[in-house]
Structures are given as C-alpha cells and as structure tokens.
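Report on the structure given below.
Numbering (the numbering used here), first residue to last: 1 to 616.
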C-alpha cells in the first residue's frame with residue numbers, strides 16, 4: 001500500500017475530508033497521524049480533547065483509509081515542561097536542551113514517563129477498537145537531532161544503577177574501564193556520572209558503556225508505551241527508525257516491534273541510489289521480513305545545507321526501489337507542503353495551495369499505487385555483510401583515524417557488490433551465515449566468540465578487512481594474544497598499524513587505492529596476492545589469501561572503486577552495472593531502475609529518465 005503522513009491539526013477542520021478524499025482518489029490507502037499532536041489532544045493538564053483526532057479517524061473509516069496512529073511523546077507540550085523543567089535533556093556540556101523544538105525530553109525522567117503513560121493509555125483505550133486503525137507507531141525517530149544521549153542528573157543516577165547491576169562491585173568496573181590510566185580509579189559507584197564534557201580524551205570504556213546504557217534507556221521508554229498499547233489492542237506496533245543512524249542499537253530495539261519501519265531520506269549532500277538501497281536492505285535484514293517505509297522523501301527536504309531539487313517524477317524510481325528491496329507499505333512525507341513552521345521548505349504530495357489538480361506528485365502516486373502491486377518479491381541474496389551497532393560506537397569513540405566512517409565504509413563495499421548485480425543481506429551477531437556464498441567481515445573491531453565459531457565453520461568465500469578482531473567487549477585492544485588471525489589455513493600477525501593518506505596496492509596487475517589504515521603483516525601461513533606499491537611498507541603484503549580455502553584478508557580501507565576492481569578480478573562476474581542505474585534481479589525477471597535525468601542504456605535495454613524497466 002501507499003500512504004502519507006497527515007496532519008489534521010495543520011489545516012482548517014473543514015478541509016480534512018476534502019484532503020483525505022483527494023488522497024484516496026489518487027491511490028493513497030493509509031495515513032499516519034498524531035505523532036506531534038499532544039498540545040492539541042491535551043491543551044491543559046488533564047483536560048483532553050480528542051475531537052479532532054476522532055473526526056479524522058471517522059472520515060478515514062468512511063473513505064476506507066487505514067490509519068497508523070502515533071503516540072505523541074516526541075513533543076511534550078509547554079504546560080508540562082513549565083511544571084516539570086527537569087524533564088528536559090542536558091547535553092554533554094550540561095546545557096539544557098530547551099523547549100521549542102522536539103525530542104528534548106529525558107528518557108529516564110519519571111515525571112515524563114508518568115504523563116506519557118496517561119496520554120498513551122487514553123489513546124489506546126479510545127481508539128483500539130476503531131475500524132480505521134491499522135497499526136500503532138511509538139514516538140517518532142528516537143534519537144533524532146542528537147537526542148540519543150542525555151547527561152542530566154537523573155541520567156547520572158540511572159547510569160550508576162546500570163553499572164552497579166552490570167559489574168556488581170567497583171573493582172570489576174575499574175578493571176573493565178582501565179581506570180588506573182590517568183588516575184581515574186573510583187572508590188564507589190556514587191562517584192561516577194555520565195561522561196560529560198572534559199578537557200581531554202574521554203575514557204573510551206566508559207563511553208561504550210554509556211552508549212549501551214543510552215540505547216537501553218530508549219528501549220525501556222518505548223517498551224513502557226508498547227506494553228500499555230498491547231493491553232488494549234491487538235494491532236501491530238512499530239516505531240520509525242532512521243537511515244545511516246547508529247546511535248541506537250536497532251538490532252536490540254527491533255525485538256520490541258511487530259514490524260520494522262523507517263524513514264527513507266537521502267542523508268548525503270549528493271543523492272546516491274545505492275546508499276538508499278543499503279539502508280533498505282539493512283532494515284529488511286533486522287527481522288528478515290518485509291518492512292514499511294514510514295516516511296519516504298517526496299522531493300526537496302528542509303534540513304540539509306543545500307536542500308536539493310528533485311523533480312516530481314523522481315518519485316517513480318525511489319518508490320519502485322523501496323518495494324523491490326522488501327517494502328510492504330510506503331508512506332510519503334508529507335501530505336501537503338506547509339507554509340509555516342520548521343519544515344516549510346519541505347515538499348509534500350500536494351503543493352502549498354492544497355489543490356490536487358495542480359500537484360504533479362499526487363498524479364504520479366496514483367499511477368504508482370497500481371504498479372507496486374505487480375512488482376516481484378525481494379530477491380534472495382548470495383552475499384552477506386556483517387554489521388554491528390556496538391562496533392559503530394567503538395569507531396565513533398576513538399580510533400587511529402578519526403576521518404574513518406564505519407557506515408560509509410560498509411556502503412562502499414555494498415555498492416561494489418551491487419555494481420555486479422549481487423544482491424546483499426546484512427548479518428548480525430546472532431545471524432546464520434552458512435547459506436550465503438560470500439560473507440564480508442568489514443572493520444569489525446570486536447567479534448564475539450559465537451560469531452568467530454561461525455566463521456571458522458563457514459565454507460564459502462570470506463573477506464576479512466583490517467581493524468577486525470583487535471578489541472574486546474570493553475573496547476580495549478586485546479593483549480592476551482598477538483594481533484592477527486588464525487583461521488583455517490590463513491595465519492598471520494599484525495606487527496604494527498597506523499593511519500595513512502592515499503596509497504596504492506598492486507593486485508593482479510591492477511592498481512587499488514588504499515586510505516585511512518595500514519597494517520604491517522607477518523604471514524605465517526597463506527599467500528601474498530596484493531602488494532604495497534607505495535607507503536612505508538612498499539613491496540610488503542597488503543592483501544593475503546588462505547592457501548586452500550576462499551579467505552581473503554585486506555589490511556587497509558579500499559575505496560569504492562577499488563573494491564569494485566577487487567571483486568571484478570577475483571570473481572570475474574559477467575555483468576557490470578552503470579553507477580546511475582540499479583539492477584534488481586531474481587530467477588524470473590530483472591528490473592533496471594534509472595535515477596538519472598538522462599536516458600540510460602544497459603546492454604540492449606534503454607531506461608527512460610527517472611523510470612524503470614522490467615525485463616525477462
């Protein structure tokens with residue numbers, strides 16, 4: 001189904017039926033409402049007014065529009081903040097995140113939890129049996145606008161309780177955190193706070209535990225809401241995750257929800273269709289089943305340095321792409337471009353005047369609503385890339401090269417496989433890997449023992465990169481063994497490592513560009529298949545392989561183009577796709593998607609601008 005975010009509180013009440021009718025007549029089958037509506041639903045403490053929401057739900061019932069109803073906890077009303085200013089978050093410098101935006105509440109605030117529980121229970125009791133209700137959304141974009149971490153006094157208290165429960169005694173914490181360094185030894189848990197702004201490098205072990213604590217705190221806050229809803233309703237519950245977002249452990253959070261939903265925006269200055277594909281496949285991989293795009297970018301956004309222009313017909317490839325990667329439903333953000341507020345420059349399905357007859361995006365959606373029903377299901381992947389949110393945190397906290405971006409580096413690997421038509425899943429700590437032909441373990445600073453056992457048993461082609469398996473679960477570099485790997489018939493040690501700027505590798509007489517990281521390897525068992533052409537390690541091993549198994553180790557960070565070369569001359573694939581296209585194929589048919597403003601050709605197939613073509 002196709003849907004849209006709808007905000008009845010933004011428009012004159014007499015327009016609601018007119019707007020919703022226009023959407024229904026143009027292929028919109030569901031709406032998401034309510035996520036920022038608290039001050040309308042409860043204008044004063046304990047004085048509720050659900051009339052506007054009920055009216056909207058009733059109109060949706062009449063028009064046969066399904067509703068995803070959101071809890072409004074992302075935007076606490078002014079009266080609540082005035083009464084309990086301690087609800088507000090504090091940043092790392094202990095400055096208060098004041099009222100006037102959104103997401104400014106503390107997840108550990110007991111006062112906030114109380115009022116949220118009241119409004120959620122009211123909505124669940126009132127609307128659980130409503131015929132228009134399709135699903136529930138909890139809050140909105142947990143952690144957005146750098147609100148995953150709070151450093152207030154209540155979080156200090158909660159963080160101490162978390163640590164005491166985890167470590168049991170202060171001596172164990174001191175050992176795990178290496179507090180003997182810089183004279184940071186604690187005598188009791190009462191001396192510990194959240195890791196606030198300091199004059200030097202923060203304790204990396206404390207930071208990792210704080211990231212874990214923050215992710216748990218958000219999940220507890222969400223669970224309080226899901227538990228209330230499930231007392232009244234049997235409808236599925238979700239929340240909207242975000243693209244390129246690693247401040248929360250989505251692998252841990254997904255357990256709470258009946259289905260995955262996320263907001264599909266272009267997070268970069270320049271649009272990259274494979275970056276979007278990366279996020280679509282990551283979301284599918286969390287539960288291994290179809291998901292909902294809760295917010296699909298319809299064109300221009302309002303929050304980038306340059307809010308790029310996208311023509312209306314760009315909706316075609318972006319929508320088709322989502323469904324072919326496993327979307328079950330897709331909702332555009334937003335209903336109609338709004339002339340006021342923080343998002344007034346954001347495109348909507350309808351233009352500012354709210355006239356469906358002069359809104360080209362709405363006409364395109366009507367056509368798409370029929371086309372998406374005819375698309376094939378998501379193909380089965382032969383390639384799996386390991387992804388770990390805690391590893392992402394480790395990279396953020398400290399490293400040899402601060403320019404290294406874990407997600408960007410994985411996107412480069414992902415794109416290289418996609419250029420050759422390989423479909424890709426993501427795997428996590430608890431995932432099965434034996435059914436994949438190719439597995440990639442990229443930049444995985446810490447590898448849990450259970451996953452190491454899976455790698456040792458794995459029979460397919462395995463790529464391992466630099467930085468992998470050099471840390472323990474506390475974010476310490478391992479010291480109980482030599483750095484390096486001993487897996488099957490590949491055995492080597494890492495004698496030293498450091499950062500580099502751009503250097504070059506000779507791989508099968510082809511030049512590869514390396515950056516960010518370099519390792520000095522001593523090969524005990526294995527063979528050198530890539531040699532440093534430049535760098536302080538000139539002529540030394542840059543890429544090595546096992547003698548009799550399909551394991552390759554890459555001792556640096558390769559560029560996207562170099563990963564492409566590596567795969568090309570390793571596997572010799574028959575197919576290579578242009579960067580402006582995406583190819584999605586299964587056993588029966590293929591889809592070429594063109595995100596470019598010019599017609600593109602692949603083989604004998606011509607694909608029109610901002611369109612797609614199905615082939616046998």
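Think of the CB as a built atom: it goes at the ideal place given N, C-alpha and C, for glycine as much as any other residue.
These figures come from a predicted structure and were not determined experimentally.
For residue 425, the pairing in a beta bridge is given by DSSP as 384. Fewer than three Cβ pairs drawn from the stretch 352-369 and the stretch 176-189 lie within less than 8 Å of each other, which leaves the two stretches out of contact.
The C-beta of residue 89 has 16 or more other C-beta atoms within 10 Å across all chains shown, which makes the residue buried. Contact check for residue 550 against residue 460 passes: the beta carbons are separated by less than 8 Å.
Judged by pairs of C-beta atoms under 8 Å, the stretch 117-134 touches the stretch 58-68, as three or more such pairs exist.
Contiguous beta strand (DSSP E) elements confined to the stretch 287-340 occur at 291-296, 327-332, taking only those with 3 or more residues.
Residues of the same chain with a CB within less than 6 Å of the CB of residue 143, apart from the 5 flanking positions on each side, are 247, 248 in chain order. DSSP, reduced to helix, strand and coil, places residue 439 within a strand of the structure shown. Taking a 10 Å sphere around the C-beta of residue 484, we find 16 or more other C-beta atoms and assign the residue as buried.
Beta-carbon to beta-carbon, residue 291 and residue 283 are separated by about 5 Å, close enough to satisfy the 8 Å threshold. Judged by DSSP secondary structure, residue 239 falls outside any alpha helix (DSSP H); it is assigned neither H nor E.
In the DSSP assignment, residue 525 falls within the unbroken beta strand (DSSP E) covering 510-525. In the three-state DSSP reduction, residue 158 falls in the helix class (H, G or I). When C-beta atoms of the stretch 221-229 are compared with those of the stretch 115-131, three or more pairs fall below 8 Å, so the two segments count as touching. Bridge pairing for residue 592: 583, 613 [DSSP].
Excluding the 5 residues flanking it on each side, residue 17 has same chain C-beta neighbours closer than 7 Å at 59, in chain order. Unbroken alpha helix (DSSP H) runs of no fewer than 4 residues, entirely contained in the stretch 43-100, are found at 51-63, 78-83, following chain order. Using a Cβ distance threshold of 8 Å, residue 1 and residue 240 do not count as a contacting pair. For the pair residue 564 and residue 419, the CB atoms are nearer than the 8 Å cut-off.
Under DSSP, residue 465 shares a beta bridge with 554. For residue 541, the beta-bridge partners assigned by DSSP are 531. Using a C-beta cut-off of 8 Å, the stretch 369-377 makes no contact with the stretch 31-50, since fewer than three inter-stretch Cβ pairs fall below that distance. With respect to residue 347, residue 358 sits apart: the two C-beta atoms are not nearer than 8 Å. If you draw a straight line from the Cα of residue 101 to the Cα of residue 264, it is about 22 Å long.
Beta-carbon to beta-carbon, residue 34 and residue 82 are separated by about 23 Å, too far to satisfy the 8 Å threshold. Residue 267 and residue 455 have their C-alpha atoms some 33 Å from each other. Under a 10 Å Cβ-count criterion, residue 13 is classified as exposed, with fewer than 16 other Cβ atoms of the shown protein chains found around its own Cβ.
Out of 269, 543, 561, the CA that lies nearest to the CA of residue 306 is found in 269.
Using a C-beta cut-off of 8 Å, the stretch 460-475 makes contact with the stretch 429-443, since at least three inter-stretch Cβ pairs fall below that distance. Its chain contains 116, 139 as the residues whose beta carbon lies nearer than 6 Å to that of residue 73, once the 5 sequence neighbours on both sides are disregarded; these appear in chain order.
With contacts defined as CB atoms closer than 8 Å, residue 415 and residue 406 fail to qualify as a contacting pair. For residue 523, the closest of 486, 514, 508 by C-alpha to C-alpha distance is 486. Beyond the five residues adjoining it in sequence on each side, residue 534 comes within less than 8 Å, by CB distance, of 503, 504 in the same chain, given in chain order. By the Cβ neighbour-count rule, residue 597 is exposed, with fewer than 16 other Cβ atoms within 10 Å of its own. In the structure shown, residue 12 adopts coil according to DSSP, grouped into three states.
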